[in-house]
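Position in the sequence shown (first residue = 1) + 762 = our numbering.
The beta carbon of each residue, even a glycine, is placed where N, CA and C say it ideally should be.
Note that the structure is predicted; figures quoted are calculated from it, not measured.
A quick write-up on the structure given underneath.
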Amino acid sequence: MAERAVASPNEPARIVLDAAPRAAAEGAGTFSLALTPTEVAAGEAFLVSVVAEAADGTRREIASLSFFPPPREGVTRRFPLDLARLPASTGPITLEIGLVAVEGELEATRLRVGEE
């Protein structure tokens, strides 16, 4: 994954995995998703939802993630994703990485997806 994208309270990050369908079909184990908080607002507790969308539009939530200990700005964490949970697809798969408020609303928190 060479792409970088930013998830914000109002807009999920989207990345495309070209090799994911082949890897999933071959039984490859996990994909490492790198998440780096670029802004962490006090009092904004959140979860991360990862939804995979196949080339035909089929969508499936493949993971819900949380940072523990709490996230720190600029500190990257890696989360393994099980490729077996991806929807069947003959083309690229898009991952949508969204921020979900634990309570209230999110206003300022941002996550960069991918490497520097």
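| message | Using 8 angstroms as the threshold, is the C-beta distance between V802 and I859 below it? | response | Cβ distance not < 8 angstroms, so V802 and I859 don't count as in contact.
| task | Determine the burial state of S828: buried for a count of at least 16 other Cβ atoms within 10 Å of its Cβ, exposed for fewer. | result | S828 comes out exposed.
| First and last residue of the beta strand (DSSP E) that includes E858? | 855-863 is the span of the beta strand (DSSP E), which, as asked, contains E858.
| Based on the DSSP secondary-structure assignment, which residues constitute the bridge partners of A814? | The bridge partners DSSP lists for A814 are R822, L857.
| message | Any contact between the region 808-823 and the region 848-868? By contact I mean 3 or more CB pairs, one from each, below 8 angstroms. | response | By the C-beta criterion, the region 808-823 is judged to be in contact with the region 848-868, since at least 3 inter-stretch pairs fall below 8 angstroms.
| message | Please tell me whether E835 and T800 are closer than 8 angstroms, where the distance is taken between their beta carbons. | response | Contact: yes.
| message | Can you tell me whether A803 is helix, strand or coil according to DSSP? | response | Looking at A803 - three-state DSSP - the assignment turns out to be coil, as it is neither helix nor strand.
| field | Three-state secondary structure (DSSP) of R872 | value | R872: strand per DSSP, three-state reduction.
| task | Could you name the residues of the same chain whose beta carbon sits closer than 6 angstroms to that of R821, not counting the 5 residues immediately before and after it, in chain order? | result | These residues qualify, in order along the chain: V813, E815.
| said: Does A796 come out as helix, strand or coil in the three-state DSSP assignment? | reply: Collapsing the DSSP output to three states places A796 in a strand.
| task | With a 10 Å radius around its C-beta and 16 neighbouring C-beta atoms as the bar for buried, classify E865 as buried or exposed. | result | Classification for E865: exposed.
| Nearest-angstrom Cα separation, counted from I855 out to D780 | Straight-line spacing of the CA atoms in D780 and I855 works out to 7 angstroms.
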